[in-house]
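Protein sequence lines, in the order shown, are assigned to chains R and F. Per full-length UniProt numbering, the very first residue in the first sequence carries number 1; after that it's consecutive. Per full-length UniProt numbering, the very first residue in the second sequence carries number 1; after that it's consecutive. A virtual CB, placed ideally from N, CA and C, is assigned to each residue, including glycine. Note that the coordinates shown come from a computational prediction; the quantities given were computed from them, not determined experimentally.
2 protein chains.
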Amino acid sequence: MLRRDAFDLPEGVIYLDGNSLGPLPRRAEAAVARAMQAEWGAMLIRGWNEAGWMDQPDRLGDRIAPLIGAAPGTVTVGETLSIRVFQGLAAALSLRPGRKVILTEAGNFPSDLYMAQGLIDALGQGHVLRALPATEIPAALTDEVAVLMLTEVDYRSGARHDMAALTAQAHGVGALTLWDLAHSAGALPVALTRCNADFAAGCTYKYLNGGPGAPAFFYARPDHSEITRPILAGWLGHAAPFDFAPDYAPGPGRARFRIGTPPVLQMAALDAALDIFDGVDIAALHARAIVLADRLATGFEAVCPDLRRLTPMDPARRGSQIAFAHPNGYAMVQALIAQGVIGDFRAPDILRFGLTPLYLDAGDIDTAIERFAQVIEGRLWDDPAYRTRNKVT
Amino acid sequence: MLRRDAFDLPEGVIYLDGNSLGPLPRRAEAAVARAMQAEWGAMLIRGWNEAGWMDQPDRLGDRIAPLIGAAPGTVTVGETLSIRVFQGLAAALSLRPGRKVILTEAGNFPSDLYMAQGLIDALGQGHVLRALPATEIPAALTDEVAVLMLTEVDYRSGARHDMAALTAQAHGVGALTLWDLAHSAGALPVALTRCNADFAAGCTYKYLNGGPGAPAFFYARPDHSEITRPILAGWLGHAAPFDFAPDYAPGPGRARFRIGTPPVLQMAALDAALDIFDGVDIAALHARAIVLADRLATGFEAVCPDLRRLTPMDPARRGSQIAFAHPNGYAMVQALIAQGVIGDFRAPDILRFGLTPLYLDAGDIDTAIERFAQVIEGRLWDDPAYRTRNKVT
């Protein structure tokens, strides 16, 4: 399953930040160049039909669908994840008109919380965003809840919610669910259909390696699609976009969740990135990530026993990253980066490492541990000269 | 002002559809390849800071600002035009809470109408979209109107509204304005500040040549920016995006209208495309487009007297395109395309030709007229064998 040759990774770098931005797939360069020269340049406006640009949103959606346990015809691609969260929330609220609560986790990714706040303010219908610690969510699932909005895998700790159980519980009180799959898609097996999830959205620039600012995807359960009147009623979601009719008529199913003109160059890069997943068993990929994560955790903790591990131990309850807290976390991450081991830091004190078995193996993890040992044993992160030289601020 | 060498145009093609999709700027290919290899590939996650990806939305906004008569610091780039129209409408409604009418033109671009319809439905606050013929708009500007939403240049006829007069009249009754500049930006001098326009949005893939699905831009008058609570409250618009705070706090001014992660590859292409405008006098460019349009109109009408010209004669009242109606319009456009003259068709019967003096001169127009004469004199569009051969459906 190691497909390191599929990526253009800098020599000597151990890249543990694919959970933030996946690396460059070699094929993406040629794919984008082709989209520019042979399509945009040569076909000009005809590219919309002849190069299939107009079909990209749904065609790429159908490529992503099997990675997230969704049926063909239920996923579309375009816009940004923030927009997709907004769209999913608005859809859910419109389907539960009598209910006023959006239930979420207090530590959810901020943009999800912000989009909910912006929607609630604008609607002015008395909705509230109830953000609770994960442990309090089950008890808070009452018949006041319109939608339970959760990010399946926490962007800091890597803790993973039980999508099947929480969706079932939400449905038990008549609530809908909106799952943010930013840290799930391409990292672990997601089963939207089996879990009976209502709405889901995710980005494609993390584990799917679609490139910086790659478009988002959106899933709606087919029965919801057919009755949702989209708040973001874009021309691309119209039943007949090229009729240029004055009144909005939603397209069938997922089509109505398309919004604006597709970003063709980003789509071409994403298309090439998805080639890498052809034939990859996502469950096996995730199992391998768990092994790598444990190897890294054991090694790092041996080197620096006062790291506090934030990621749960149960493989079923975590994504493909490992996170620690440490008061000197920021400086440590900077020093590691200077040593060619790229992880990242999240305020206030979190060191975060993504494990991506498509381009990482046990040898890489051992190298990362060795370099971490150099950082810690030399207290490199605490040495003013080292900090100055390596711009550790 | 002719900069044909800046574009990678197919040999022998007369491209009269730059009002739909601008052609490939030669520099864009290298710029995107660099963004992929030297930035995404080599810098990986550090590209957000080291390559300036995070600053792209505002930096590109500042490059577009002078083309639309806006001050530095007032324009940002990202998302799609449909999303930007939604954002502008919601902002305007929030600033005029007592008023229920969105006034627009019946022939406005459908996505603008659809986004208004979606917003109105979702708000459920009794707003109405009043879509009237252009001539009836001044009389309909009453103190019920929250916002006047117009596309400055009509996508079919090319007729141009008087932004200064209509904005002043809207302000006279306490209404705000939202201008769609899709067919204005890069084509003609726009004076947002001088006209005292409230909000504006536009796309960058037409006259600005940013590429298929290039991101949109958004302008808000600075005094509105400071008091608007955005409906689309994305993380990139937060006052401190990397603090990952749980509550939304809008960034200063235009920053709050940023939404999701910027599409870095599309931004790189757009950046290179904007280089072409360095040193270009937009008023002179537009004057030249008017001359070319008149040349084309005169020639085409001489060849086919039953073309009905839809574009106004007054140069101040039109954009950089010329449009005709003809019952055989669709077949004529297809036959012209088969002859290498690329214009486009808009239902029900409109032939549409964009005049873009950056890569078109009088000789090109004369060639287009000659080929149109061949089409008409040979009744090529009416010849079944020709139609079959050239896939004229």
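Consider the Cβ of threonine 80 of chain F: report whether some Cβ of chain R lies at a distance smaller than 7 Å.
Taking 7 Å as the threshold, the shortest C-beta distance from threonine 80 of chain F to chain R falls below it.
7 Å is my cut-off, CB to CB: does aspartate 17 of chain F come that close to chain R?
yes
When you measure from the CB of glycine 210 of chain R to every non-hydrogen atom of the ligand GDP, does any distance come out below 6 Å?
Absent from the structure shown: the ligand GDP. Ligands present: none.
From the beta carbon of aspartate 223 of chain R, is the nearest beta carbon of chain F less than 7 Å away?
no
Taking 7 Å as the CB-CB limit, is phenylalanine 244 of chain F close to chain R?
Yes, because at least one Cβ of chain R sits closer than 7 Å to the Cβ of phenylalanine 244 of chain F.
Just to confirm before moving on: does the CB-CB distance between phenylalanine 109 of chain R and tyrosine 155 of chain R stay below 7 Å?
yes
Using beta-carbon positions only, say whether phenylalanine 7 of chain F and tyrosine 359 of chain F come within less than 7 Å of one another.
Contact: yes.
Quick test of the definition: if touching needs 3 or more C-beta pairs under 8 Å, does the region 190-204 of chain F touch the region 162-173 of chain F?
yes
Which residue from R:Leu89, R:Val77, R:Ala273, R:Val333 puts its Cα closest to that of histidine 127 of chain R?
The shortest Cα separation from histidine 127 of chain R among R:Leu89, R:Val77, R:Ala273, R:Val333 belongs to R:Leu89.
Quick one: what does DSSP say glutamate 152 of chain F is sitting in, helix, strand or coil?
coil
Compile a chain-ordered list of the residues in the region 244-273 of chain R whose CB is closer than 8 Å to at least one CB of chain F.
Phe244, Ala245, Pro246, Asp247, Tyr248, Ile259, Gly260, Thr261, Pro262, Pro263, Val264, Leu265, Gln266, Met267, Ala269
Any beta carbon of chain R sitting closer than 7 Å to that of glutamate 105 of chain F?
no
Name the chain F residues that come within less than 7 Å of leucine 24 of chain R, Cβ to Cβ?
Met36, Trp40, Gly41
Could you work out which residue in R:His286, R:Arg96, R:Leu67 is closest to arginine 317 of chain R when comparing CA atoms only?
R:His286
In whole angstroms, give me the CA-to-CA distance for tryptophan 235 of chain F and aspartate 247 of chain R.
32 Å
With respect to the alpha helix (DSSP H) encompassing arginine 26 of chain F, which residues constitute its N-terminal and C-terminal limits?
26-34
Closer than 6 Å by C-beta to arginine 84 of chain R: which residues in its own chain qualify, once you throw out the five before and the five after it? Chain order, please.
Ala201, Ala216, Phe218
What residue does the beta strand (DSSP E) around arginine 130 of chain F start on, and which one ends it?
For arginine 130 of chain F, the enclosing beta strand (DSSP E) stretches over residues 128-132.
Taking Cβ-Cβ distances shorter than 9 Å, what residues in chain F pair up with leucine 119 of chain R?
Ala122, Ile231, Leu232, Ala233
Classify phenylalanine 257 of chain F as buried or exposed, calling it buried when 16 or more other Cβ atoms lie within 10 Å of its own Cβ.
buried
Is it right to say proline 97 of chain F is buried, meaning 16 or more other beta carbons lie within 10 angstroms of its own, or is it exposed?
Exposed.
Within 10 angstroms of its Cβ, does aspartate 344 of chain R collect 16 or more other Cβ (buried), or is it exposed?
Around the C-beta of aspartate 344 of chain R, 16 or more other C-beta atoms lie within 10 Å, and the residue is accordingly described as buried.
Whose Cβ in chain F lies nearer than 8 Å to the Cβ of arginine 346 of chain R?
Residues of chain F passing the Cβ test: Phe244.
My guess is that proline 263 of chain F and proline 263 of chain R are in contact by the Cβ rule of under 8 Å, so how many angstroms apart are they, rounded?
Indeed, because the Cβ distance is near 5 Å, the residues count as touching under 8 Å.
List, in order along the chain, the chain R residues whose C-beta lies closer than 9 Å to that of tryptophan 179 of chain F?
Result: empty, since nearest Cβ-Cβ is about 18 Å, beyond 9 Å.
Alpha helix (DSSP H) containing valine 264 of chain R: first to last residue?
264-275
Glycine 279 of chain F: buried (16+ other C-beta within 10 angstroms of its C-beta) or exposed?
Taking a 10 Å sphere around the C-beta of glycine 279 of chain F, we find fewer than 16 other C-beta atoms and assign the residue as exposed.
Please check the pair alanine 146 of chain R and alanine 185 of chain R, which I expect to be a contact at CB under 8 Å, by giving their CB distance rounded to whole angstroms.
Between alanine 185 of chain R and alanine 146 of chain R the Cβ distance is about 25 Å, and since that is not below 8 Å, they are no contact.
Which residues in the same chain have their Cβ closer than 6 Å to the Cβ of glycine 18 of chain R, if we skip the five residues on either side of it in sequence?
Within the same chain, and ignoring the five residues on either side of glycine 18 of chain R in sequence, the residues whose Cβ sits closer than 6 Å to its Cβ are Gly354, Thr356.
Starting from aspartate 8 of chain R, find everything on chain F with Cβ-Cβ shorter than 7 Å and list it in chain order.
Gly41
Cβ closer than 8 Å: which chain F residues qualify as neighbours of glutamine 334 of chain R?
The contacting residues do not exist; glutamine 334 of chain R stays about 11 Å from chain F at best.
Do alanine 65 of chain F and valine 77 of chain F count as a contact pair if the criterion is CB distance below 7 Å?
Cβ distance not < 7 Å, so valine 77 of chain F and alanine 65 of chain F don't count as in contact.
By the 10 Å Cβ neighbour count, where 16 or more other Cβ atoms means buried, how is glutamate 105 of chain F classified, buried or exposed?
buried
With 7 Å as the threshold, decide whether the Cβ of tyrosine 330 of chain R is near any Cβ in chain F.
When Cβ-Cβ separations below 7 Å define contact, tyrosine 330 of chain R makes no contact with chain F.
Would you decide whether asparagine 209 of chain F is buried or exposed? Buried here means 16 or more other CB atoms lie within 10 Å of its CB.
buried
Can you check whether the CB of alanine 116 of chain R is closer than 7 Å to the CB of leucine 265 of chain R?
no
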